[in-house]
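Numbering (our numbering), first residue to last: 4 to 336.
We treat Cβ as the ideally placed atom computed from N, Cα and C, and that holds for glycine.
Since the structure is predicted, the reported quantities are computational estimates derived from the model, not experimental observations.
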Ligand code: UT7
């Protein structure tokens, strides 16, 4: 019997209209376009301004874009996963609401949280359900409204993050295409360096926590940067060596978009030229769970059936890893 592999068969995306430029950030904090561009590669990011709307607003639209483009009937979807660090609410799953709103009435749904590695871990989860033969259509959405947890008086974080959502559909494949290998890691030592301190079970919300601005993301940028550079490069290299792939065998590196310098370090380690590295950090900044599928959506037209893609991500927790995936379709022009 041929082994069932889990292939990505469709992608979709949604980015909010509002563009927060480096210039506008100059009016909020002590920073400048030159510093942000040279240190991060970011020129602008999108911000969801719709009143009383959260992550599901974007997740629903990304999913609808995918359904429309691929002509998929939402009633055929078995499972909806929303990878997110910014759910609509702490309790009441964003994925459940999203599934209902897109008409996935025969699906079960849940959220998955692993900071900037959420989508990578979600790929592993979605693929496992398909490979097991238990489900046929798994919709994985990466979505984050980072602007809801960013302190726009903190120049160390507010210049980095943006809002977005993007989605992929996983389906069984019998040509050997789709997810080939994964190497996922985590280390709890990292939670001191990138976190939201309050609002959880250790430190529930109080007047004090609000006054101390403890509901915003806080990161020790330099430390996170060092861990990200060495770990993302390590796992990307491991994917190549473990699968006996040379740099010539790789068509695309799909790296988490946290900092252009981290992306370059990862690409350099595996010897990949710039043309083979997907980048959109200049337009969107770090959209946390949305970066990887947003890259796929932006580069979909350039991807060809059989292309070898290496995904790599690093995020809070710490969480990180790499996935080797063979692209399963050519986009019809
Ligand atoms: O996706 C989840 C994982 N997150 C990441 O991977 C983020 C990793 N970290 C980073 O990308 C970088 O560490 C940052 C972009 C956050 C910061 O860049 P850096 O090159 O590590 O800068 P730094 O924190 O070492 O600061 C260098 C200098 C400092 O000034 P002094 O002490 O040298 O005078 C900072 O105060 O730059 C200053 N600085 C800024 N200046 C202008 C820090 N932020 C800013 C800013 N504008 N926004």
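Pairwise C-beta distances place the segment 287-306 out of contact with the segment 197-217, as fewer than three of them are shorter than 8 Å.
By the CB criterion at 9 Å, residue 86 and residue 144 fall inside the cutoff. Shown here, residue 209 sits in coil according to DSSP, grouped into three states, outside any helix or strand. Under the three-pair Cβ rule at 8 Å, the segment 235-243 does not count as touching the segment 194-207. Pairing residue 84 with residue 170, the inter-Cα distance amounts to about 10 Å. Every residue whose Cβ sits closer than 7 Å to any heavy atom of the ligand UT7 is listed here in chain order: 32, 33, 34, 35, 38, 39, 42, 43, 118, 119, 158, 159, 162, 163, 197, 222, 224, 225, 227, 228, 231, 259, 261, 262, 265, 289, 291, 317, 318, 319. For residue 114, the closest of 122, 107, 108 by C-alpha to C-alpha distance is 122.
Nearest C-alpha to residue 322 among 136, 51, 63, 125: 125. Assignment of residue 117 by DSSP, reduced to helix, strand and coil, places it in the coil class. Here residue 150 is buried, its C-beta having at least 16 other C-beta atoms within 10 Å. The residues 70, 105, 106, 107, in chain order, have a CB closer than 7 Å to that of residue 77 in the same chain once the five nearest residues on each side in sequence are set aside. Scanning the segment 220-284 from its first residue to its last, the whole alpha helix (DSSP H) runs of 4-plus residues come out as 224-245, 263-272. With fewer than 16 other Cβ atoms inside 10 Å of its own Cβ, residue 37 counts as exposed. About 6 Å separates the Cβ atoms of residue 127 and residue 187, confirming a contact at the 8 Å cut-off.
Linking residue 203 to residue 95 through their CA atoms gives a straight-line distance of about 15 Å. Per DSSP, residue 49 is one residue of the beta strand (DSSP E) stretching across 47-50. Residue 195 counts as exposed, since fewer than 16 other beta carbons sit within 10 angstroms of its beta carbon.
For the 9 Å CB-CB criterion, residue 162 and residue 28 form a contact.
The count of Cβ pairs closer than 8 Å, one atom from the segment 212-228 and one from the segment 43-50, stays below three, leaving the stretches out of contact.
Straight-line spacing of the CA atoms in residue 334 and residue 286 works out to 23 Å.
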